[in-house]
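Chains as they are written, first to last, in this note's numbering: chain Y, 1 to 112; chain L, 1 to 359. For reference, the structure is listed below as structure tokens.
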Amino acid sequence: MIESIVESILPADLLARALTLKNTGYHIVQMCAVRKPAAYELSYSFAKEYDMINVRFTVAEDDEVVSISNIFAPAFLYENEMRDLFGVKITMINLDYEGNLYRIDTKTPFKN
Amino acid sequence: MSTRSIVPFGPQHPVLPEPIHLDLVLEDEKVVQAIPSIGFIHRGLEKLVEKKDYNEMLFVAERICGICSYMHGMGYAEAVERTMKVEIPARARYLRTIWAEMSRIHSHLLWLGLQADAFGFESLFMESWRMREKILDMFETSTGGRVIFSVNKVGGQRKDMENSMIQEFVRILDGMDKEIKNISKTFLGDYAVKSRLEGVGVLTKQQAIDLGMVGPFMRASGIALDTRKLGYAAYPDLEFEPIISTVGDSYARTDVRIQEIYQSIDLIRQAASKIPDGDVAVPVKGNPDGEFFMRLEQPRGEAVYYVKGNNTKNLERMRVRTPTFANIPGMIEALKGCQLADVPIIILTIDPCISCTER
Numbered sequence: 001m002i003e004s005i006v007e008s009i010l011p012a013d014l015l016a017r018a019l020t021l022k023n024t025g026y027h028i029v030q031m032c033a034v035r036k037p038a039a040y041e042l043s044y045s046f047a048k049e050y051d052m053i054n055v056r057f058t059v060a061e062d063d064e065v066v067s068i069s070n071i072f073a074p075a076f077l078y079e080n081e082m083r084d085l086f087g088v089k090i091t092m093i094n095l096d097y098e099g100n101l102y103r104i105d106t107k108t109p110f111k112n
Numbered sequence: 001m002s003t004r005s006i007v008p009f010g011p012q013h014p015v016l017p018e019p020i021h022l023d024l025v026l027e028d029e030k031v032v033q034a035i036p037s038i039g040f041i042h043r044g045l046e047k048l049v050e051k052k053d054y055n056e057m058l059f060v061a062e063r064i065c066g067i068c069s070y071m072h073g074m075g076y077a078e079a080v081e082r083t084m085k086v087e088i089p090a091r092a093r094y095l096r097t098i099w100a101e102m103s104r105i106h107s108h109l110l111w112l113g114l115q116a117d118a119f120g121f122e123s124l125f126m127e128s129w130r131m132r133e134k135i136l137d138m139f140e141t142s143t144g145g146r147v148i149f150s151v152n153k154v155g156g157q158r159k160d161m162e163n164s165m166i167q168e169f170v171r172i173l174d175g176m177d178k179e180i181k182n183i184s185k186t187f188l189g190d191y192a193v194k195s196r197l198e199g200v201g202v203l204t205k206q207q208a209i210d211l212g213m214v215g216p217f218m219r220a221s222g223i224a225l226d227t228r229k230l231g232y233a234a235y236p237d238l239e240f241e242p243i244i245s246t247v248g249d250s251y252a253r254t255d256v257r258i259q260e261i262y263q264s265i266d267l268i269r270q271a272a273s274k275i276p277d278g279d280v281a282v283p284v285k286g287n288p289d290g291e292f293f294m295r296l297e298q299p300r301g302e303a304v305y306y307v308k309g310n311n312t313k314n315l316e317r318m319r320v321r322t323p324t325f326a327n328i329p330g331m332i333e334a335l336k337g338c339q340l341a342d343v344p345i346i347i348l349t350i351d352p353c354i355s356c357t358e359r
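Quick look at the structure:
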């Protein structure tokens, strides 16, 4: 059965939650931003075999979000993508393309 | 002392149908690091939800990829149907399964051809694509299209297939089963082919988990995971088990994909024997509200469709995580330690689809 479980957390709890999931055998599945007024709703999906947990938090437009790429190495692609397309300010990405993952003329096209 | 150098690979390369760039850090001929670079063909398709209503977006989803276009439309439709609590008729569930498995066969045959071309076996390439052509003919007969079919809709299917047509397809697939056994002997038994694939780009089971790999690339490293088991379309009514190999090299990935072709043929046989009569769609009223993360097994692996509605005709967000996007970290890891000459083979063994990846 496909379930869509969403677990809301505070941005400050992200690293601790990610570490717990890593230590219990989960891997990163996807990371997604949704534009909200002057904010972003971020959903990180983690899976262990057929179980999937979607961890969600909201950050203000100018707030920084710490990368989880030191816990889940493949997260670097998703984080670079969110920053390129939405302008989410993600810091400490282990492979940082500095806004150049996508070769696009318009900066942060999904922001507006 | 070894010499360290950086060799650019792509975005234009004979083995790459689509553009991806890698900076390969070499010590003599050995790859010690690979830094990927994408973004040559980003189209911003997800942004179109602001301009296209939720029914029109299905046609956009189909255009994410030219190989698994049917499965993209299906994934989108399944996700939206779940937000709207729409239950599609049983016949539509079976039709989705049959067309999806035909897509998997043609995608795997296409990949086998590309793989044969990459190691220089041109007749094997042509033989694989000759067989794939039969599947495209079946698509044309049943949907009118060879690449984009537009038979999915939110609420079911736009077209039905006559039961006699389905039986004819099973007869054609029975014949193909024997032909595929013939090319399998070369792909899996030929000395020259094995020398290019065995022990190349090895990834362990733990690496496959840590790197979040999906699909045949992951299953070839020993993980028995197939999201068709989650129970969408008609898969809960059919009997199958994930196909795995425990070796984790390029040969194992080829083996898994060949066995999956047989499995798809078997699934179509099962579906053809069980498909019920009846409608192929239900009327859908209202607009999507709520959200859903849909996971489905495309030929290259698990895709995730996230849709979020706000009770208007336009979705608030559609996000697609394609299999190739998830497999890039695994590909980088598999390249480490390989010889420069094996780089094209390893890249191909993830079955990369860059149009999907960048959307």
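Each residue gets a CB set at the ideal place from its N, CA and C atoms; glycine is no exception.
Whole-angstrom distance between residue j and residue i, CA atom to CA atom
i: L:Glu-162; j: L:Val-343; result: 46 Å
i: L:Leu-173; j: L:Ile-265; result: 6 Å
i: Y:Val-34; j: L:Glu-297; result: 25 Å
i: Y:Asp-105; j: Y:Gly-99; result: 11 Å
i: L:Ile-345; j: Y:Ala-38; result: 46 Å
i: L:Ile-183; j: Y:Asp-96; result: 44 Å
i: L:Glu-27; j: L:Gly-330; result: 21 Å
i: Y:Tyr-78; j: Y:Gln-30; result: 7 Å
i: L:Asp-51; j: L:Arg-319; result: Before going further, note that residue 51 of chain L is Lys rather than Asp in the sequence given. Each residue's alpha carbon lies about 15 Å from the other.
i: L:Phe-59; j: L:Met-84; result: 19 Å
i: L:Gln-259; j: L:Thr-357; result: 25 Å
i: L:Leu-16; j: L:Gly-10; result: 8 Å
i: L:Gly-286; j: L:Pro-14; result: 49 Å
i: L:Met-176; j: L:Pro-236; result: 26 Å
i: L:Trp-111; j: L:Leu-197; result: 14 Å
Cβ of residue i within 7 Å of any chain Y Cβ
i: L:Leu-420; result: There is no way to answer for residue 420 of chain L, as the model of chain L reaches only from 1 to 359.
i: L:Pro-329; result: yes
i: L:Lys-47; result: yes
i: L:Phe-292; result: yes
i: L:Val-304; result: yes
i: L:Arg-388; result: With chain L covering only 1 through 359, there is no way to say anything about residue 388 of chain L.
i: L:Arg-219; result: no
i: L:Arg-317; result: yes
i: L:Arg-321; result: yes
Alpha helix (DSSP H) segment containing residue i, residue limits
i: L:Tyr-191; result: 191-197
i: L:Val-343; result: 343-348
i: Y:Ala-75; result: 75-86
i: L:Ile-354; result: 354-358
i: L:Lys-134; result: 122-143
i: L:Met-74; result: 69-83
Start and end residues, beta strand (DSSP E) containing residue i
i: L:Arg-295; result: 289-298
i: L:Gln-339; result: That residue, L:Gln-339, is in no beta strand (DSSP E); it is neither H nor E in DSSP.
i: L:Gly-301; result: 301-310
i: Y:His-27; result: 27-36
is_contact[residue i, chain L] using C-beta, thresh 7 Å
i: Y:Val-65; result: no
i: Y:Val-34; result: yes
i: Y:Asn-70; result: no
i: Y:Asn-54; result: yes
Proximity test, residue i beta-carbon vs the ligand GDP heavy atom, cut-off 6 Å
i: L:Gln-206; result: Absence of the ligand GDP from the depicted structure is noted, as is the absence of any ligand whatsoever, leaving it without description.
Closer than 8 Å at the beta carbon, the chain A residues around residue i
i: L:Leu-225; result: Protein chains in the displayed structure are Y and L, and chain A is not among them.
Handout entry: Interfacial residues, the stretch 82-112 of chain Y to chain L, with Cβ spacing under 7 Å
Key = Result list: Leu-101, Tyr-102, Arg-103, Ile-104, Pro-109 and Phe-110.
Handout entry: the stretch 135-154 of chain L / the stretch 241-252 of chain L touching (three or more Cβ pairs under 8 Å)
Key = Contact between the stretch 135-154 of chain L and the stretch 241-252 of chain L is absent, with fewer than three C-beta pairs closer than 8 Å.
Exercise for the section: Check whether the stretch 40-53 of chain L touches the stretch 271-282 of chain L, counting contact only when three or more Cβ pairs, one atom from each stretch, lie closer than 8 Å. Expected result: By the Cβ test, the stretch 40-53 of chain L is not in contact with the stretch 271-282 of chain L, since fewer than three Cβ pairs between them sit closer than 8 Å.
Problem - the stretch 56-68 of chain L contacting the stretch 228-244 of chain L, beta-carbon criterion three pairs below 8 Å - result: As far as the Cβ criterion goes, the stretch 56-68 of chain L does not touch the stretch 228-244 of chain L, which means the pair count is below three.
Problem - Residues in the stretch 8-37 of chain Y having any Cβ partner in chain L nearer than 7 Å - result: Those residues of the stretch 8-37 of chain Y that come within reach of chain L (Cβ to Cβ, closer than 7 Å) are His-27, Ile-28, Val-29, Gln-30, Cys-32 and Val-34.
Practice task
Determine contact between the stretch 21-30 of chain Y and the stretch 208-222 of chain L, defined as no fewer than three beta-carbon pairs at a distance below 8 Å.
Solution key: Touching, yes, given that three or more Cβ pairs across the two stretches are closer than 8 Å.
Practice task
Would you list, in chain order, the members of the stretch 16-46 of chain L that have their beta-carbon closer than 7 Å to a beta-carbon of chain Y?
Solution key: Identification of residues in the stretch 16-46 of chain L having a C-beta nearer than 7 Å to some C-beta of chain Y yields Ile-38, Gly-39, Phe-40, His-42 and Gly-44, given in sequence order.
Problem - Under 7 Å (Cβ pairs) to chain Y, residues found in the stretch 169-182 of chain L - result: Of all residues in the stretch 169-182 of chain L, none has a Cβ within less than 7 Å of some Cβ in chain Y.
Exercise for the section: Inspect the CB distances between the stretch 216-229 of chain L and the stretch 300-314 of chain L and report whether three or more fall short of 8 Å. Expected result: Counting C-beta pairs with one atom in each stretch, the stretch 216-229 of chain L and the stretch 300-314 of chain L have three or more that are closer than 8 Å, which means they touch.
Exercise for the section: Determine, using beta-carbon pairs with one atom in the stretch 46-65 of chain Y and one in the stretch 78-95 of chain Y, whether at least three such pairs fall under 8 Å. Expected result: A contact exists between the stretch 46-65 of chain Y and the stretch 78-95 of chain Y.
Exercise for the section: Would you list, in chain order, the members of the stretch 48-59 of chain L that have their beta-carbon closer than 9 Å to a beta-carbon of chain Y? Expected result: When CB distances to chain Y are screened at a threshold of 9 Å, not a single residue of the stretch 48-59 of chain L falls below it.
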